[in-house]
Amino acid sequence: MSSLRFDGRVVIVTGAGGGLGRTYAVEFAKRGAKVVVNDLGGTAHGTSSSTSMADKVVQEIRAAGGTAIANYDSVEFGEKIVKTAIDNYGRVDVIVNNAGILRDKSFMNVTEEDWDLIMKVHLKGAYSVTKAAWPYFRKQQYGRVINTSSNSGMYGSFGQTNYAAAKMGLIGLSHSLALEGAKYNIFANSILPTAGSRLTLTVMPEEIVDMLKPEYVTPLVVFLAHESCQENGNVFEAGGGWYGQVQSYRSVGKAIANATAENIRDQWKAITDMKGAKHFESGKEVSADIISCASELKEQAEQEGHKPTGTTSNVKSAALFKEMSDGLKDNANLVKNLKAIVLYIITDGKKEIARFTLDLKNQPFCVYEGDVKKGEKPTTTLTVADDDFVQLSTGKLNPQKAFMAGKLKVKGNIMLLQKLSVIADKKKAKL
Ligand code: NAI
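So, in structure tokens, the structure goes:
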């Protein structure tokens with residue numbers, strides 16, 4: 001197999017004055033690339049600056065016969081860094097967004113300055129350099145972006161809220177760049193490195209730092225940057241000689257029509273069961289899945305011949321059924337033994353104008369506009385004029401008097417209504 005060469009390619013490595021970035025720059029140059037060695041040359045906490053770090057790496061590359069130029073700008077000024085590539089080598093093909101600093105503190109102690117600085121170097125920096133290179137990539141229909149994320153972002157890390165947030169941001173940036181760039185042969189991936197460097201000295205003992213040489217991460221970055229690599233929008237991990245891929249998976253989950261918080265609680269196991277979980281390639285795919293679930297639920301509801309309460313009906317009683325529905329959510333326990341279905345036929349005094357069903361038989365108990373579901377029969381059917389129903393519900397009309405006066409017609413189990421009104425009175429709930 002041929003070796004992976006970068007002859008004629010121009011590679012920008014940010015933060016290449018030390019640690020991981022230095023090893024990338026040196027390796028790209030060994031493989032024929034012209035390299036822009038960017039480094040601000042400051043401390044690991046993002047203070048001060050110097051030219052010495054970038055210069056030293058450029059000297060190392062040149063001493064080995066490679067081609068490199070230094071750039072000392074902070075990554076937030078991506079245009080200047082890309083300009084160095086264009087002015088000196090006439091093009092830019094690869095960007096390795098690697099520059100980084102730490103401001104580790106517990107969340108309680110993080111200051112706005114710590115937060116902003118971390119965002120500026122990691123997230124804004126990657127944005128800024130990539131943004132400046134993007135028009136060149138588009139024009140030449142070629143580009144490779146490697147963003148440096150971190151396990152601290154992927155899995156969380158005590159004392160690194162600012163850093164973790166910025167590093168996860170880089171994964172979102174890469175995924176979206178990948179989607180936008182694909183048709184122009186511009187690919188973007190993220191890496192999760194683990195390596196001994198001045199940054200990890202604060203969180204790893206020295207002997208471990210020695211075992212995790214930055215050089216172990218380098219081959220992954222070089223491969224991802226090569227024109228033959230077709231990976232796009234993915235996350236890869238490397239450290240101590242181990243290489244792998246990290247993907248997110250989404251549970252099969254559960255579609256629940258008109259769900260209440262109680263339904264979520266009761267279905268929690270099914271909602272969170274990761275058996276059969278699926279990986280999605282883009283947010284668009286996830287949205288499509290959600291929309292298809294929503295339309296299935298809608299279709300199901302239509303087939304069952306009901307619409308959610310209070311949505312389309314303009315009869316006055318509709319609002320009361322909505323209240324009934326809300327009351328039911330809070331009092332489902334009180335009516336769980338009734339196992340009944342009540343059909344309300346609402347009239348304008350003469351003809352029917354709406355139907356509502358109170359289902360206390362099938363879980364989750366609910367009130368919906370429309371007839372009783374197919375295959376079910378009402379335990380009790382009430383026929384009442386819209387205005388009278390309002391009067392009854394607000395206590396202005398006595399149910400017995402209404403019944404005697406023929407304003408309230410009841411078919412089926414009349415005792416059920418008494419049970420319901422006793423419960424409603426006790427709890428002051430609308431049932
Ligand atoms: P490092 O401190 O040795 O290298 C970072 C380089 O970035 C330094 O040379 C520094 O001068 C430069 N830099 C800092 N701010 C800059 C700015 N505003 N503009 C230009 N250059 C700037 O650290 P290391 O470990 O090599 O880190 C490289 C990248 O890998 C960082 O983004 C870091 O967050 C990330 N990373 C490292 C891990 C590790 O285990 N070493 C783990 C996960 C992520």
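For the sequence shown, UniProt numbering assigns the number 1 to the initial residue and increments by one for each residue that follows.
Ideal Cβ positions, reconstructed from N, Cα and C, are used throughout, including at glycine.
Keep in mind it's a predicted model, so treat the numbers as computed, not measured.
Selection from the options that minimises the alpha carbon distance to residue i
{"i": "S149", "options": "L173, T130 and S128", "result": "L173"}
{"i": "K284", "options": "V145, A99, L179 and R62", "result": "L179"}
{"i": "D387", "options": "V335, V57, N413 and A318", "result": "A318"}
{"i": "G15", "options": "K298, R198 and I291", "result": "R198"}
{"i": "Y163", "options": "E262, F107 and L320", "result": "F107"}
{"i": "A54", "options": "N147, V315 and G41", "result": "G41"}
{"i": "L320", "options": "F280, G46, Y368 and L201", "result": "Y368"}
{"i": "F280", "options": "H175, K120 and I345", "result": "H175"}
{"i": "G100", "options": "K83, M119 and A277", "result": "M119"}
{"i": "H45", "options": "K336, K213, S3 and V121", "result": "V121"}
{"i": "R265", "options": "N314, N109, K329 and P214", "result": "K329"}
{"i": "Q363", "options": "Q267, S52, Y24 and D114", "result": "Q267"}
{"i": "Y89", "options": "D114, G21 and T67", "result": "T67"}
{"i": "N185", "options": "G395, Y136 and A165", "result": "Y136"}
Whole-angstrom distance between residue j and residue i, CA atom to CA atom
{"i": "N232", "j": "R138", "result": "16 Å"}
{"i": "E302", "j": "T357", "result": "15 Å"}
{"i": "K275", "j": "S248", "result": "14 Å"}
{"i": "K430", "j": "M324", "result": "In this prediction, K430 scores a pLDDT of 46, lower than 50, which makes its location untrustworthy; the coordinate-derived value is nonetheless stated afterwards. The straight-line gap from Cα to Cα measures roughly 5 Å."}
{"i": "D289", "j": "A257", "result": "16 Å"}
{"i": "G327", "j": "R250", "result": "34 Å"}
{"i": "F223", "j": "A195", "result": "18 Å"}
{"i": "A402", "j": "K350", "result": "16 Å"}
{"i": "R31", "j": "Q230", "result": "19 Å"}
{"i": "V372", "j": "I341", "result": "8 Å"}
{"i": "D116", "j": "G125", "result": "12 Å"}
{"i": "I353", "j": "K411", "result": "18 Å"}
{"i": "S128", "j": "V96", "result": "12 Å"}
{"i": "T260", "j": "P193", "result": "43 Å"}
{"i": "K407", "j": "V384", "result": "6 Å"}
{"i": "V221", "j": "I146", "result": "7 Å"}
{"i": "G310", "j": "K322", "result": "A caution first: G310 carries a pLDDT of 46, below 50, which makes its placement in the model unreliable, though a value can still be read off. Each residue's Cα considered, the two are about 5 Å apart."}
{"i": "H226", "j": "N263", "result": "50 Å"}
{"i": "N398", "j": "G375", "result": "33 Å"}
{"i": "P308", "j": "Q418", "result": "Residue confidence is low: P308 scores 48 on pLDDT, short of 50, so the model does not pin down where it sits. No coordinate-derived value is stated."}
{"i": "K409", "j": "N333", "result": "28 Å"}
{"i": "I208", "j": "G244", "result": "20 Å"}
{"i": "I61", "j": "P214", "result": "17 Å"}
{"i": "T47", "j": "W242", "result": "33 Å"}
{"i": "L420", "j": "N337", "result": "11 Å"}
{"i": "L4", "j": "S228", "result": "8 Å"}
{"i": "D359", "j": "T381", "result": "12 Å"}
{"i": "L20", "j": "V217", "result": "8 Å"}
{"i": "M404", "j": "F365", "result": "30 Å"}
Bounding residues of the beta strand (DSSP E) (the contiguous stretch that carries residue i)
{"i": "A270", "result": "Per DSSP, A270 belongs to no beta strand (DSSP E); it is in the alpha helix (DSSP H), W268 to T272."}
{"i": "Q245", "result": "W242 to V246"}
{"i": "residue 457", "result": "Outside the shown range of the chain, which is 1 to 431, sits residue 457, and nothing can be said about it."}
{"i": "N97", "result": "V94 to N97"}
{"i": "R144", "result": "G143 to T148"}
{"i": "residue 462", "result": "Any answer about residue 462 is impossible in this case: the structure gives the chain only from 1 up to 431."}
{"i": "L343", "result": "I341 to T347"}
Own chain partners of residue i with C-beta closer than 6 Å, once the 5 adjacent residues on each side are dropped
{"i": "D93", "result": "R9 and V10"}
{"i": "D73", "result": "K80 and I81"}
{"i": "K339", "result": "K361"}
{"i": "F187", "result": "R144 and N232"}
{"i": "G169", "result": "L123"}
{"i": "A132", "result": "G78, E79 and V82"}
{"i": "N71", "result": "V36, N38, I81 and T84"}
Proximal residues to residue i (C-beta, below 8 Å), its chain only, five neighbours per side dropped
{"i": "D210", "result": "G196"}
{"i": "K56", "result": "G17"}
{"i": "V246", "result": "M154, L192, V235, F236 and E237"}
{"i": "N189", "result": "V145, I146, N147, S174, A178, L224, E231, N232, G233, N234, V235 and F236"}
{"i": "E76", "result": "K120, V121, K124, G125 and S128"}
Proximity test, residue i beta-carbon vs the ligand ZN heavy atom, cut-off 7 Å
{"i": "R198", "result": "By its list of ligands, the structure shown excludes the ligand ZN, since it contains just the ligand NAI."}
Terminal residues of the alpha helix (DSSP H) in which residue i lies
{"i": "Y127", "result": "G125 to Q140"}
{"i": "T357", "result": "Not the alpha helix (DSSP H): T357 falls in the beta strand (DSSP E), residues E352 to D359."}
{"i": "V390", "result": "D386 to S393"}
{"i": "Y163", "result": "T161 to G181"}
{"i": "G78", "result": "G78 to Y89"}
{"i": "residue 515", "result": "There is simply no residue 515 to check, as the chain begins at 1 and stops at 431 in what is shown."}
{"i": "E112", "result": "E112 to I118"}
Nonlocal neighbours in the same chain, by C-beta distance under 7 Å from residue i, ignoring five residues either side
{"i": "Q160", "result": "D104 and S152"}
{"i": "A270", "result": "K254"}
{"i": "S282", "result": "L179"}
{"i": "T379", "result": "A340, I341, V342, G412, N413 and L416"}
Original post:
Counting only runs that start and end within the segment 1–48, where is the alpha helix (DSSP H) found for 4 or more residues in a row?
Top reply: 19–30
**OP:** Just list the beta strand (DSSP E) runs in the segment 184–271, keeping only unbroken ones of 3 residues or longer that don't cross its boundaries, in chain order.
**Re:** 186–194, 235–239 and 242–246
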